[in-house]
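Notes follow once the structure below has been shown.
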Ligand SMILES: [Zn+2]
């Protein structure tokens with residue numbers, strides 16, 4: 030985090046590109062200073078400013094924050110762009126991404142290769158969509174399998190871009206998962222499904238709940254620890270193509 034005092038005048042666009050990084054402006058009525066923070070999960074910088082500030086003031090601020098920004102960008106280099114030629118773990122299997130120009134727009138998941146075909150070369154969108162669908166497909170299958178074993182019902186299953194939890198289960202039986210789990214080891218995905226489906230029996234985290242989880246995922250301790258220690262790694266993967274960062 031970095032802060033400087035400033036005075037303010039006119040409103041500005043909310044998104045800036047600086048040093049090829051996305052900088053989101055967060056104007057706050059009560060802010061008296063400019064504050065720059067880095068959000069590693071969302072992969073962008075956030076510049077909190079008073080409501081009125083000039084372009085020049087922001088530019089000056091960013092210049093003064095130069096060393097700090099370079100430092101953060103350096104740390105950020107650990108991120109993996111899902112682009113042609115990159116290797117990504119998908120459901121526990123390392124896969125190479127291959128973009129190919131073709132009349133038909135489609136995505137094919139092979140054993141160790143994901144091929145994205147498009148004549149307009151809009152591969153990234155199709156890849157992101159395909160990966161999210163693949164995650165939903167696996168999590169849905171596993172959830173139904175576990176629900177059958179526990180003899181409980183489940184309703185709608187969705188995947189979301191979540192930042193603070195890997196899964197959730199509503200009182201009515203709707204399940205929600207982070208699609209980013211697709212980059213985790215297979216047993217970890219199974220554990221998260223076991224956890225959420227077990228909530229259909231116990232809406233708490235009681236001893237009985239954990240015994241139910243263990244009946245579906247015997248080594249759940251290990252997978253829970255993996256998520257705590259390594260879960261942030263799942264945020265390293267970005268859908269990136271040339272000027273666009275998602
Ligand atoms: Zn829970």
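In our numbering, the protein residues as written are 30 to 275.
For glycine and all other residues, C-beta sits at the position ideal for the given N, C-alpha and C.
As the structure is a prediction and not an experimental result, all values here were calculated from the model.
Cβ neighbour criterion (16 or more within 10 Å) applied to residue i
| i | result |
| --- | --- |
| residue 196 | buried |
| residue 57 | exposed |
| residue 43 | exposed |
| residue 194 | exposed |
| residue 147 | buried |
| residue 71 | exposed |
Reduced DSSP secondary structure (H/G/I, E/B, other) of residue i
| i | result |
| --- | --- |
| residue 272 | Note that residue 272 scores 39 on pLDDT, short of 50, meaning its location in the model is unreliable; the coordinates nonetheless yield the value given after this. Coil. |
| residue 152 | helix |
| residue 168 | helix |
| residue 91 | helix |
| residue 134 | coil |
| residue 241 | helix |
DSSP bridge partner residues for residue i (one or two, in chain order)
| i | result |
| --- | --- |
| residue 123 | 118 |
| residue 247 | Answer by DSSP bridge pairing: none, since residue 247 is not bridged. |
| residue 74 | 52, 67 |
| residue 47 | 50 |
| residue 203 | None, per the DSSP bridge assignment. |
| residue 186 | 204 |
Beta-carbon gap between residue i and residue j smaller than 9 Å
| i | j | result |
| --- | --- | --- |
| residue 204 | residue 187 | yes |
| residue 245 | residue 226 | yes |
| residue 192 | residue 164 | no |
- Does the segment 127-135 come close enough to the segment 82-93 to have 3 or more Cβ pairs within less than 8 Å? Contact fails: fewer than three Cβ-Cβ distances are below 8 Å.
- Query: Do three or more CB pairs link the segment 91-106 to the segment 116-124 at distances below 8 Å?
  - Reply: Because the criterion of three Cβ pairs below 8 Å is not met, the segment 91-106 and the segment 116-124 do not touch.
- Between the segment 140-157 and the segment 230-244, do at least 3 Cβ pairs fall closer than 8 Å? No, because fewer than three Cβ pairs between the segment 140-157 and the segment 230-244 fall closer than 8 Å, the two stretches do not touch.
- Message: Whether or not the segment 57-68 and the segment 249-266 are in contact is what I'm after, with contact meaning three or more pairs of Cβ atoms, one per stretch, closer than 8 Å; do they touch?
- Response: With the cut-off at 8 Å, the segment 249-266 and the segment 57-68 do not touch.
- Item | Contact the segment 165-175 vs the segment 130-137: 3+ CB pairs below 8 Å | Contact annotation: the segment 165-175 does not touch the segment 130-137, with fewer than three C-beta pairs closer than 8 Å.
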